[in-house]
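In the numbering used here, the protein residues as written are 29 to 199.
Beta carbons: idealized from backbone N, C-alpha and C, even for Gly.
Bear in mind that the values here come from a model prediction, so they are computed numbers and not experimental data.
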Ligand SMILES: [Zn+2]
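Right under this line is the structure:
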């Protein structure tokens, strides 16, 4: 079975056992979590976020500059007022630099990469970082000084340990 079919099959089981009806669109706890796409982070289990509670925005590295569009929609259109930026230990974003990543992509795409793709790759900033804690702190500072973010938003920065599952505040 392909992974896509496995997902569809798991969904059939989910639908048959589902007890929740359709919940309201705005998150009940007015909470937005920005975290990494890392497969080892399960926000439901690790952060006690239930269906309907919060927006969970995920990207590579939990980078705030890469999440502004979603954060603005979350706050301005759907009424959230708390943002948690959650980076994590052993993040892949600590392991490379943009020039290397561009080389890897160019090599792997080979002749599939046309001139438009090459130009896009040349300008793609992978937003990697050399230090986890300082990056979370700087993304929190970035959001606090961003005038698209609502004044008085409760913004904090955290690091999640993918080994122990412990969440620690760093900003
Ligand atoms: Zn990560």
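Taking only the alpha-carbon atoms, compute the straight-line gap between residue i and residue j and give it to the nearest angstrom.
i           : j           : result
residue 121 : residue 176 : 26 angstroms
residue 126 : residue 155 : 8 angstroms
residue 41  : residue 78  : 19 angstroms
residue 54  : residue 80  : 8 angstroms
residue 163 : residue 104 : 25 angstroms
residue 165 : residue 87  : 17 angstroms
residue 51  : residue 57  : 13 angstroms
residue 129 : residue 67  : 20 angstroms
residue 136 : residue 143 : 15 angstroms
residue 90  : residue 153 : 14 angstroms
residue 253 : residue 124 : Because the chain spans 29 through 199 in this model, residue 253 falls outside it and cannot be assessed.
For a test of the three-state rule: what should DSSP assign to residue i, helix, strand or coil?
i           : result
residue 182 : strand
residue 46  : coil
residue 173 : coil
residue 242 : No information on residue 242 is available, as it lies outside the stretch 29 to 199 that the chain covers here.
residue 107 : coil
residue 114 : strand
residue 190 : coil
residue 69  : coil
residue 154 : coil
Which stretch, first to last residue, makes up the alpha helix (DSSP H) that contains residue i?
i           : result
residue 146 : 143-150
residue 97  : 96-100
Going by beta-carbon coordinates alone, are residue i and residue j separated by less than 9 angstroms?
i           : j           : result
residue 161 : residue 133 : no
residue 180 : residue 109 : yes
residue 71  : residue 84  : yes
residue 60  : residue 74  : no
Since residue i is in the beta strand (DSSP E), which residue starts that stretch and which ends it?
i           : result
residue 82  : 82-87
residue 61  : 59-64
residue 197 : 195-197
Would you say the beta carbon of residue i is closer than 8 angstroms to some non-hydrogen atom of ligand 3?
i          : result
residue 90 : Absent from the structure shown: ligand 3. Ligands present: ligand 1.
Quiz item: Okay, do the stretch 92-110 and the stretch 142-152 touch, 3+ Cβ pairs below 8 angstroms being the bar?
Solution: Contact fails: fewer than three Cβ-Cβ distances are below 8 angstroms.
Self-check item: Inter-stretch contact (C-beta, 8 angstroms, three-pair minimum) for the stretch 182-194 and the stretch 111-121
Solution: Verdict: yes, contact present.
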